[in-house]
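Chemist: Have a look at this one before I ask anything.
Structural data, given as structure tokens:
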């Protein structure tokens, strides 16, 4: 529409997210799709991520005609690009869900047949490189569910407290509790590599069930789950020297930030203004 092209174009990053796309050959798996009766004529042409799709064919909302237009990029890859300072940095993002990722060495190619039960996936990045990504379904949404549960309980007991107040008091109580021997597995939403897993709480005693200890253990559990999916050893062996922490759950939860620092034998730097739109602009600017 913007460029008046005869056929749609798509970056290899977005093509990979659709599935049935070989990121090594940059081709759709046409034989498989044809055998399934899929109308392959509808598939967009895939172009390298970071390339231009064309020029605007007319003035559009103040943008002049003949303005270069880049092919749309992957949201996650752009978010990583906006805060990954170099290839020795890993990116930890915890918002609704959670992701830990780092750049694979030059020349790396993902397995031809992905391991169905592996917690680590390989996302196409830029210039033929890949990101190793541990993408958990359990992040800030776990904390939000905990807050909502407590709010509902209190209403049933005759006390009406808004969620923001509950959240604030939980963090305050956990900050006064430096550690807890309570063990929380926070996987209440399952995981892509293990859809049947559920959350667990164990090692419960009469002395570790305070609000502060439970909240501290929950935040540690969120980090422990990510570390289980992508151990620090793998980061160190890949040359990672620092971790860039981002995301709304990290920015508003000091306890979670503390547990992130404890989880890794590497310095963790927390950054703000991590945004996929910013990353997309940076990519185009860097390649101009």
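Numbering (the working numbering), first residue to last: 192 to 479. Backbone N, C-alpha and C fix where the C-beta goes; we use that ideal spot for every residue, glycine too. Bear in mind that the values here come from a model prediction, so they are computed numbers and not experimental data.
(1) May I ask you to list the residues that DSSP assigns as paired with residue 236?
(2) For residue 550, is the classification buried or exposed, using 16 other Cβ atoms within 10 angstroms of its Cβ as the cut-off for buried?
(3) Do residue 470 and residue 312 have their beta-carbon atoms positioned less than 8 Å apart in this structure?
(4) Using DSSP with H/G/I as helix, E/B as strand and the rest coil, what is residue 228?
(5) In terms of residue numbering, what span does the alpha helix (DSSP H) encompassing residue 439 cover?
(6) By DSSP, does residue 467 sit in helix, in strand, or in coil?
(7) Taking only three categories from DSSP, how would you classify residue 446?
(8) Considering residue 423, what are the terminal residues of the beta strand (DSSP E) in which it resides?
(9) Alpha carbon to alpha carbon, how far is residue 356 from residue 329?
(10) Between the Cα of residue 240 and the Cα atoms of 277, 338, 314, which residue gives the shortest distance?
(11) How long is the line joining the alpha carbons of residue 338 and residue 396, rounded to whole angstroms?
(12) So who's on the other strand from residue 315, going by DSSP bridges?
Modeler: The short version:
(1) Residue numbering aside, residue 236 sits at position 45 when the chain shown is read from its first letter. According to DSSP, residue 236 bridges with 200.
(2) Nothing can be reported for residue 550: it is not among the residues displayed for the chain, which extend from 192 to 479.
(3) Counting from one through the chain shown, the residue named residue 312 turns up at place 121. Counting from one through the chain shown, the residue named residue 470 turns up at place 279. The Cβ-Cβ distance between residue 312 and residue 470 does not fall below 8 Å.
(4) As a working mapping, residue 228 is identified with position 37 in the chain shown. Residue 228: coil per DSSP, three-state reduction.
(5) In the chain shown, residue 439 corresponds to position 248, counting from 1. Where residue 439 is concerned, the enclosing alpha helix (DSSP H) stretches over 439 to 443.
(6) The sequence position of residue 467 within the chain shown is 276, counting from 1. Residue 467: helix per DSSP, three-state reduction.
(7) As a working mapping, residue 446 is identified with position 255 in the chain shown. Three-state DSSP puts residue 446 in a helix.
(8) Taking the chain shown and counting its residues from 1, one reaches residue 423 at position 232. Careful: residue 423 lies outside any beta strand (DSSP E), inside the alpha helix (DSSP H) at 423 to 428.
(9) As a first step, residue 356 is located in the chain shown; it is residue number 165 there, counting from the start. As a first step, residue 329 is located in the chain shown; it is residue number 138 there, counting from the start. Those two C-alpha atoms are separated by around 22 Å.
(10) Translated into positions along the chain shown, residue 240 becomes position 49. Here the closest residue by C-alpha is 314.
(11) To locate residue 338, count along the chain shown from 1; it is residue 147. To locate residue 396, count along the chain shown from 1; it is residue 205. If you take the alpha carbons of residue 338 and residue 396, they lie about 22 Å apart.
(12) Sequence index remark: in the chain shown, residue 315 carries index 124 (1-based). DSSP lists 321 as the beta-bridge partner residues of residue 315.
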